[in-house]
Amino acid sequence: MPTPSYYRASAPADAPRPAVSGALDAEVCVIGAGFAGLATALGLLERGVESVVILEAEQVGHGASGRNGGFVFGGYSLGCAALLEQLGRERARHLYGLTLGAVDKIRSRIRDYGIACDAVDAGVILANWFDDDKALHETREFMLREFDADWRFLPREELREQLKTERYFGGLLEGNAFHFHPLKYAQGLARVIETKGGRIFEQTRVTGLDADGPVKRVHCAAGTVTAKEVVVCCGGYIERLYPALSRAVLPIATYVMATEPLGERLDQAMSTRAAVYDTRFAFDYYRPLADTRLLWGGRIDVFKRQPDEIAKLLYGDLLKVYPQLRGVKVDYAWDGLMSYARHQMPQLGRLPNGVWHAQGFGGHGVGPTTLAGEVVAAAIAQGESLPAGFERYGLPTTFGPLGLVGAQLTYWYYEMKDWWRQ
Ligand SMILES: Cc1cc2nc3c(=O)[nH]c(=O)nc-3n(C[C@H](O)[C@H](O)[C@H](O)COP(=O)(O)OP(=O)(O)OC[C@H]3O[C@@H](n4cnc5c(N)ncnc54)[C@H](O)[C@@H]3O)c2cc1C
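Just so you know, we're using my numbering here: the sequence shown kicks off at 291 and counts up by one.
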């Protein structure tokens, strides 16, 4: 039976942090220690805000940030074509450029703060699932023309040398992208925050917010934090914390597994060290790990599944691409919740009562959470405006359970379309 999660098992166990007990004061109180909360807190400290507190219901990196595929690349959950159509060229280019800046920011934080997180600077490959070179060329030309993103075309033969499968028909290499161990990175950020004087409390679930006065009160089971500013960064784990924010996102699960160390068998499947995803709506995403395991993710689901069920599903997906890996053992399998807004864009902003929020990063959030932390921190610390374009993406309701049914039906519909196209 596979155990959850490879990341937790392979990251150094941080000493547990205290829970909030009694009354505390802070200039800024951040709720949630995923990438959005950590990046916001670090952004504030780097800008000279001295008193920053993070409240985390479980442990640093408990949510999507400590469980994800580890792809660090440009873009949002909303595709670039839709971004262009909705915002126009100038704004779309600017917002896309911010995500590339975030990729650089993560790289420089890893370097400058010495965060050991197994970063592999080998790019990300978008592999074509369909026998259709034209579509691939169109994507390449579109990204170059509209966003100055120069993704390298990988002809079929070249890709087949790197990924030893008949399944793909060429690909595009996003060379500026990389992959890493997301939980080690989250823990590294947490340690930097503490070195700079930030305080992080774990096992501290926020149960309510009194936010209508000039000073906000954040209530937890055994205490209260009083702060001038509050930033809610609870991702797909927000539950019913704050209605205006909770109802604006759907928690959608996706799954990941890690095989046993494959030794030389890994090279029978892939010789590149790049991370890979494919051109289907319901794509696989995977990458080789330093200890020769293959980390494999995929699927979108609104149901809760156990590790053995997840392992079975993903092992089946793996064999569709690499039948030569039949028989490999799956050591770890786990799920994670993404927070999806109806418009698939991050929801960054401030409610009329002054509560800040950064959520809705969906399945493409490592770069965007980092940029969110930067722009929200600059807004709070320096009074800067949020980048133009984000205000278009507000907090429309997702219709709770009905929305979840809709999301599952949409996924099945696109899955069928992919199957039909194939
Ligand atoms: C399996 C999976 C694979 C993915 N792969 C990739 C990828 O390869 N590349 C990519 O770019 N993106 C990927 N994503 C998306 C990306 O991980 C997320 O968009 C991003 O991590 C979201 O960060 P966050 O800080 O908003 O939320 P989270 O990381 O979920 O953090 C929210 C935190 O808030 C805490 N919290 C919630 N409620 C409370 C409360 N009441 N009180 C206190 N704390 C609370 C939670 O415990 C949690 O720690 C993936 C997501 C998943 C689930």
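Just so it is clear, CB atoms sit at the ideal spot from N, CA and C, and this is done for glycine as well.
Only a predicted model underlies this, so the values are computations on that prediction, with no experimental measurement involved.
Less than 8 Å between the C-beta atoms of residue 462 and residue 434, yes or no?
no
Taking 8 Å as the threshold, find out whether the segment 364–379 comes into contact with the segment 506–525 through three or more Cβ pairs.
no
Taking 7 Å as the line, does the beta carbon of residue 524 fall inside it for any heavy atom of ligand 1?
yes
Could you give the uninterrupted runs of the alpha helix (DSSP H) lying entirely in the segment 294–325, keeping only those of 4 residues or more?
296–300
Express the C-alpha separation of residue 567 and residue 389 in angstroms, rounding to a whole number.
19 Å
Compare the beta carbon distance of residue 648 and residue 636 with 8 Å and say whether it is the shorter of the two.
yes
Quick one: what does DSSP say residue 595 is sitting in, helix, strand or coil?
coil
Taking 7 Å as the cut-off, does the CB of residue 297 come closer than this to any heavy atom belonging to ligand 1?
no
For residue 571 and residue 588, which I take to be in contact (beta-carbon distance under 8 Å), what is that distance rounded to the nearest angstrom?
With 8 Å as the limit, residue 571 and residue 588 do not qualify as a contact, their Cβ atoms being about 11 Å apart.
Provide the residue span of the alpha helix (DSSP H) that contains residue 265, from first to last.
Look at the range of the chain in this structure, 291 to 712, and you will see that residue 265 is not part of it.
Would the beta-carbon of residue 358 be found less than 7 Å away from any heavy atom of ligand 1?
yes
Cβ neighbours of residue 425 in the same chain (closer than 8 Å, five flanking residues each side left out)
418, 569
If we require 3 or more residues per run, which beta strand (DSSP E) segments fall completely within the segment 379–439?
414–417
Element boundaries [alpha helix (DSSP H), containing residue 239]
Given that the chain is displayed from residue 291 to residue 712, the structure contains no residue 239 and the question cannot be resolved.
Taking the DSSP output, what are the residues bridged to residue 547?
586, 623
Per DSSP, what kind of secondary structure is residue 528 in: helix, strand or coil?
coil
Counting pairs of Cβ atoms below 8 Å between the segment 351–361 and the segment 610–629, do you hit three or more?
yes
Run through DSSP, which three-state label would residue 454 get?
coil
Suppose you measure from the CA of residue 431 to the CA of residue 383; what does that come to, to the nearest Å?
15 Å
Reduced DSSP category for residue 516 - H, G, I as helix; E, B as strand; rest coil
strand
Just the Cα atoms here: how many angstroms apart are residue 592 and residue 392?
29 Å
Residue 441, buried or exposed, once every other Cβ within 10 Å from all chains shown has been counted against 16
buried
Could you pull the start and end residues of the beta strand (DSSP E) that residue 576 belongs to?
574–578
Residue burial classification, residue 485 (beta-carbon count within 10 angstroms, cutoff 16)
exposed
DSSP three-state assignment for residue 607, whether helix, strand or coil
helix
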